[in-house]
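Heads up, the sequence shown is in the working numbering, so the first residue is 1 and it goes up one at a time. Every residue gets a Cβ at the ideal spot worked out from N, C-alpha and C, and that includes glycine. The structure under discussion appears below in the form of structure tokens.
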Amino acid sequence: MSGLILTGLYDSPFVRRAALALTFHGIEFEHRALSVFGDFDEVLKVNPLGRAPALEMEDGRVLVDSRAIIEWVEAWADPERRRLTPREQEDLLVTLKIESVAIGLAELAVSRSLEARREPQYQDPARFARLDRQIGSALSWLEERARVIRTQGMPAHGLSRAGIASVCAVTYLRHRWPDLLDAAGCENLVALTAELEQTEPFTLVPFPAG
1 MSGLILTGLY DSPFVRRAAL ALTFHGIEFE HRALSVFGDF DEVLKVNPLG RAPALEMEDG
61 RVLVDSRAII EWVEAWADPE RRRLTPREQE DLLVTLKIES VAIGLAELAV SRSLEARREP
121 QYQDPARFAR LDRQIGSALS WLEERARVIR TQGMPAHGLS RAGIASVCAV TYLRHRWPDL
181 LDAAGCENLV ALTAELEQTE PFTLVPFPAG
């Protein structure tokens, strides 16, 4: 595949996980670093939802969801080589369940960031409290499965969709809401995230500094 363009910023856990999947499979792409806030009109031209990521193909077709992008990339991957998606049904079930919770955690963390962008007089304390409980619950659930995230589906290549989604969510929290991460006391999950962030493909698609 060639001529692919990925739109969005790597401080988005959704854009980053799509970029990580592409990089994991050695698929070259152009990164168009547009913000859904500062470059909204440009993003809207690529994605009718005005969201990121968006993966534009050489023929003009576009995929606009990180999960859809990863499904498409995995379908194109060499079946004899490494994959992010386990083939065995039971392993697949475990991977998809963990991935779903990790993606949900990322969605909650981003929702908290969006709520915080509001003018103080329009912010809803009850909304923050609910989000914080949901984030803490999801972190605790993933912490209990840190060993599974590390080992399930990873013997051959050290990474799965569950791992990518978990790392992207935890790293986002570490940069945006570190107090929530500390309060959850998820030492194993944090340690696993730090370990994986020092390996490829994460080092090739880093969370932006600052």
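Item, Value
"Please report the residue range of the beta strand (DSSP E) in which L114 lies.", "That residue, L114, is in no beta strand (DSSP E); its alpha helix (DSSP H) goes 89-117."
"According to DSSP, is V190 part of a helix, a strand, or is it coil?", "helix"
"R32 and I5 - do their beta-carbons sit closer together than 9 Å?", "yes"
"Give the single residue among E115, E58, S160, T23 whose Cα lies nearest to the Cα of L96.", "S160"
"Check whether the Cβ atoms of V167 and L204 lie closer than 9 Å to each other.", "no"
"Report the three-state DSSP secondary structure of A68 (helix, strand or coil).", "helix"
"Identify the continuous beta strand (DSSP E) that holds R32 and give its terminal residues.", "30-32"
"Quick one: Cα of R150 to Cα of V110, how far?", "25 Å"
"Tell me, to the nearest whole angstrom, how far the beta carbon of G8 is from that of V15; I am working on the premise that it is less than 8 Å.", "3 Å"
"Compare the Cα-Cα distances from W141 to each of Q123, A75, L105, L173 and report the closest residue.", "L105"
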